[in-house]
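The block underneath contains the structure these notes are about, expressed in structure tokens.
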């Protein structure tokens, strides 16, 4: 009987590992997509509160009407810009995924506390200077230099 239980337990473990590896392989082949700040807010209400009062949240609104149609501006002022703001109004502004990466893959893993799995699925837990410089750079017409520490103090949020 003990041998049967050990075999059953071993087979169960192999089965679970196979399912887990299969899930990760499937996720690795998928293209990540943007899911929007509303989904992030479901678990991250404290972070959302800080963000909603920030310049990042108002980034699209701060553009002049002509700039709101300019692809050069939309690349930094609309999260995951691919289309016009009229088609994806829910993505206006610099949302969570602008800094933390598109969430469609890691949202399946992140809530379980699997930090390494979420990172492999595209989560950028702690954006660095280089991440910020994709928009905060001399190509921006409003660029006034970039001090990561100073700007981070304006946008940082609780973990």
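Numbering (my numbering), first residue to last: 1 to 159.
Just so it is clear, CB atoms sit at the ideal spot from N, CA and C, and this is done for glycine as well.
Nearest residue (CA-CA) to residue i, options the options
i, options, result
"residue 147", "133, 76 and 139", "133"
"residue 43", "117, 116 and 110", "110"
"residue 140", "112, 70 and 152", "70"
"residue 76", "157, 131 and 158", "131"
"residue 91", "100, 99 and 78", "78"
"residue 127", "99, 46 and 72", "99"
"residue 32", "116, 80 and 159", "80"
"residue 129", "48, 40, 153 and 72", "153"
Contact set for residue i: own chain, Cβ-Cβ below 8 Å, skip 5 residues either direction
i, result
"residue 26", "Bear in mind that the predicted position of residue 26 carries a pLDDT of just 46, short of 50, making it unreliable; the figure below should be weighed with that in mind. Correct list: empty, nothing qualifies."
"residue 35", "97, 102, 103, 104 and 107"
"residue 143", "136 and 137"
"residue 151", "132 and 136"
"residue 46", "157 and 158"
Contacts around residue i, its chain only, beta-carbon distance under 7 Å, and the 5 residues preceding and following it disregarded
i, result
"residue 56", "93, 94 and 155"
"residue 30", "105"
"residue 113", "none"
DSSP bridge partner residues for residue i (one or two, in chain order)
i, result
"residue 78", "92 and 93"
Residue i Cβ short of 7 Å to the ligand SAH heavy atom set
i, result
"residue 116", "Summarising the ligand content, the structure contains no ligands, and the ligand SAH is consequently not present."
Contacting residues, own chain, Cβ-Cβ under 6 Å from residue i (five flanking each side not counted)
i, result
"residue 37", "95 and 96"
"residue 73", "63 and 67"
"residue 40", "96"
"residue 51", "57"
"residue 115", "none"
Contact between the stretch 63-74 and the stretch 112-132 is defined here as three or more beta-carbon pairs at a separation below 8 Å; is this criterion met?
no
4 or more residues per run - each alpha helix (DSSP H) lying fully within the stretch 36-70:
37-41 and 45-52
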